[in-house]
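J.:
Here it is in structure tokens:
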């Protein structure tokens, strides 16, 4: 099986990391649209149009499945992508919500959703969770975590001060959904700050969906290739660091 | 006199603020290419192409002068812009370097240049300063200041921790060039942290150039209009806050 993984930038590499650890595919093709990152502030039609261009790119590789490791694309372009291909297209929002559900059935759980301003303002995690009956949902935009992680800052005073700022009104929380693919890199810090709250992580959520819905089993080894619409060397450097390649 | 002010996003508003305070124009047209911000990570040809599109936009307004309130455009597209128009095109790098020169003639001054990674990696402030004979120049990328300022964080623990990180090896400095149009909003913090070091600020530098080279005198009042390639309401909201409109 060959999977395409699409993100607007480098964040989706955390999803690749989870998939690689489970060896669910013979081959992974990662494509980051680094020339046009970030997608968050762009409008829905632009995000759809860029996503369809990415789909065209993946047609070069005869992939069996397309994994959307980007919250903005997952929010706005999954349906349009699925209309334009016969292979399954799965995204981080759907998988994150399902992972939350399998993590706790208690509809009164206090659920915290964090992400970029664009993801939080789209309100999609909240809407999907409420459809499933969850009622106590607090969503907080935590945008500064993104440039910090991209600068290689995974802990220390800056992360701590940002958490103090963002989480100052959080009293009790049972689960925190990391609604941004950059955040798994500071997952332990976030969990510790929130008194050990269990985190829901896009990479693990995608793995869970792949194993349950598509019944994927581990293979011997996964080959991986990286492509970027701009500055591919930077993508490869980040991949080396984040994936320990 | 009518001026166009061009930036890739909202940062150039700090330059507008300085010009407004001095009332040097009857009218200012601000255009932020917010659909395609940031320019920093984009290549030179892309920046030139986007800048020429902005020049076309300004042709609707019959401006007398084009002010480039963006370090990436100032670094890579000033010459190409000037080739395509008869009005003067002035940028923040040239004006910043001239303002430094008028601030200190001592070629042994310790000069610190800070900016985004793209601006610092372009090495242009350093090159221009060395051409003028300055020798003790240290350049440090301080990219996290940009998203902090865009989130409205102008002081406090986050700015303090970022300064501790970025300035940890700075021993003595006589002048600090704020090589990013976002930084005037945290100018006092930076100066205080660096033991009261004098700052060179793109807005003040542009004003100085306008007064000396073009002999502009104050007018009764300045009319200002804002345009953005995406989300103009956000630009107007930031303008209200930063310019106290």
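Residue numbers (the working numbering), protein chains in the order written: chain E, 1 to 245; chain P, 246 to 490. Each residue gets a CB set at the ideal place from its N, CA and C atoms; glycine is no exception. Since the model is a prediction, treat every value here as computed from it, not as a measurement.
Are the CB atoms of residue 242 (chain E) and residue 158 (chain E) within a distance shorter than 8 angstroms?
T.: In the first chain, the residue the question calls residue 158 (chain E) occupies position 158. In the first chain, the residue the question calls residue 242 (chain E) occupies position 242. No, they are not a contact pair.
J.: Hey, out of P:378, P:333, P:321, P:340, whose CA is closest to residue 452 (chain P)'s CA?
T.: Position 207 of the second chain holds residue 452 (chain P). The option with the nearest alpha carbon to residue 452 (chain P) is P:340.
J.: Just the Cα atoms here: how many angstroms apart are residue 69 (chain E) and residue 380 (chain P)?
T.: Locating residue 69 (chain E) in the first chain gives position 69, where the first residue counts as 1. Locating residue 380 (chain P) in the second chain gives position 135, where the first residue counts as 1. When rounded, the distance between both Cα atoms is 47 angstroms.
J.: Can at least three beta-carbon pairs, one atom from the region 120 to 129 of chain E and one from the region 191 to 199 of chain E, be found at a separation below 8 angstroms?
T.: no
J.: Counting only beta-carbon atoms, is residue 189 (chain E) nearer than 8 angstroms to chain P?
T.: Here residue 189 (chain E) corresponds to residue number 189 of the first chain, with the count starting at 1. Not closer than 8 angstroms to any Cβ of chain P, the Cβ of residue 189 (chain E) fails to qualify, so no.
J.: Look at the alpha carbon of residue 74 (chain E) and the alpha carbon of residue 278 (chain P), and state the distance between them as a whole number of angstroms.
T.: Counting from one through the first chain, the residue named residue 74 (chain E) turns up at place 74. Counting from one through the second chain, the residue named residue 278 (chain P) turns up at place 33. Answer to the nearest angstrom: the Cα atoms are 25 angstroms apart.
J.: At 4 residues or longer, what runs of the alpha helix (DSSP H) sit wholly inside the region 180 to 242 of chain E?
T.: 187 to 193, 202 to 213
J.: Going by C-alpha distance, which of P:292, P:445, P:409, P:413 is nearest residue 426 (chain P)?
T.: As a working note, residue 426 (chain P) is residue 181 in the second chain. That would be P:445, whose Cα lies nearest to the Cα of residue 426 (chain P).
J.: Using the rule of at least 16 other Cβ atoms within 10 Å of the residue's Cβ for burial, across every protein chain shown, is residue 267 (chain P) buried or exposed?
T.: The sequence position of residue 267 (chain P) within the second chain is 22, counting from 1. With 16 or more Cβ atoms within 10 Å of its Cβ, residue 267 (chain P) is classed as buried.
J.: Once you ignore the five residues that flank residue 346 (chain P) on each side, which residues in its own chain have a CB closer than 7 angstroms to its CB?
T.: One-based indexing of the second chain puts residue 346 (chain P) at position 101. Once the five neighbours on either side are set aside, the close Cβ partners of residue 346 (chain P) are 377.
J.: Residue 354 (chain P) by DSSP, collapsed to three states: which one?
T.: As a first step, residue 354 (chain P) is located in the second chain; it is residue number 109 there, counting from the start. Coil, per DSSP.
J.: Is there a Cβ of chain P sitting closer than 8 angstroms to that of residue 53 (chain E), yes or no?
T.: Taking the first residue of the first chain as position 1, residue 53 (chain E) is located at position 53. Cβ-Cβ to chain P under 8 angstroms: no for residue 53 (chain E).
J.: Give the interface partners of residue 410 (chain P) over in chain E, defined as CB-CB distance under 7 angstroms, in chain order.
T.: For the purposes of this step, residue 410 (chain P) is taken as the residue at position 165 of the second chain. Here the neighbours are 158.
J.: Which whole-angstrom value is the C-beta distance of residue 421 (chain P) and residue 343 (chain P), which I expect to be below 8 angstroms?
T.: Taking the second chain and counting its residues from 1, one reaches residue 421 (chain P) at position 176. Taking the second chain and counting its residues from 1, one reaches residue 343 (chain P) at position 98. Their Cβ separation, rounded to whole angstroms, is 16 angstroms, which puts residue 421 (chain P) and residue 343 (chain P) out of contact at 8 angstroms.
J.: Going straight from the alpha carbon of residue 389 (chain P) to that of residue 359 (chain P), what length do you get?
T.: Taking the second chain and counting its residues from 1, one reaches residue 389 (chain P) at position 144. Taking the second chain and counting its residues from 1, one reaches residue 359 (chain P) at position 114. Near 11 angstroms, if we compare the C-alpha coordinates of residue 359 (chain P) and residue 389 (chain P).
J.: Measuring only between beta-carbons, confirm whether residue 389 (chain P) sits less than 8 angstroms from chain E.
T.: Taking the first residue of the second chain as 1, we reach residue 389 (chain P) at position 144. It does: the Cβ of residue 389 (chain P) has a partner Cβ on chain E nearer than 8 angstroms.
J.: Considering only the alpha carbon of each residue, which of E:39, E:209, E:1, E:216 lies closest to residue 117 (chain E)?
T.: Indexing the first chain from 1 puts residue 117 (chain E) at position 117. Checking every option, the nearest Cα to that of residue 117 (chain E) belongs to E:39.
J.: What in chain E is Cβ-close to residue 407 (chain P), meaning under 7 angstroms?
T.: Taking the first residue of the second chain as 1, we reach residue 407 (chain P) at position 162. Within chain E, the residues near residue 407 (chain P) are 158.
J.: What is the rounded straight-line gap between the Cα of residue 261 (chain P) and the Cα of residue 447 (chain P)?
T.: What you label residue 261 (chain P) is simply residue 16 of the second chain in a count that begins at 1. What you label residue 447 (chain P) is simply residue 202 of the second chain in a count that begins at 1. Those two C-alpha atoms are separated by around 10 angstroms.
J.: For residue 461 (chain P) and residue 307 (chain P), I'd like the C-alpha separation in whole angstroms.
T.: Taking the first residue of the second chain as position 1, residue 461 (chain P) is located at position 216. Taking the first residue of the second chain as position 1, residue 307 (chain P) is located at position 62. Using only the alpha carbons, I get a separation of about 18 angstroms.
J.: For residue 257 (chain E), write down the residues that DSSP places opposite it in a beta bridge.
T.: Chain E is shown only over 1 to 245; residue 257 (chain E) falls outside these bounds and no answer can be derived.
J.: Note down the Cα distance separating residue 14 (chain E) from residue 212 (chain E), rounded to an integer number of angstroms.
T.: Here residue 14 (chain E) refers to the residue found at position 14 when the first chain is read from its first residue. Here residue 212 (chain E) refers to the residue found at position 212 when the first chain is read from its first residue. Those two C-alpha atoms are separated by around 20 angstroms.
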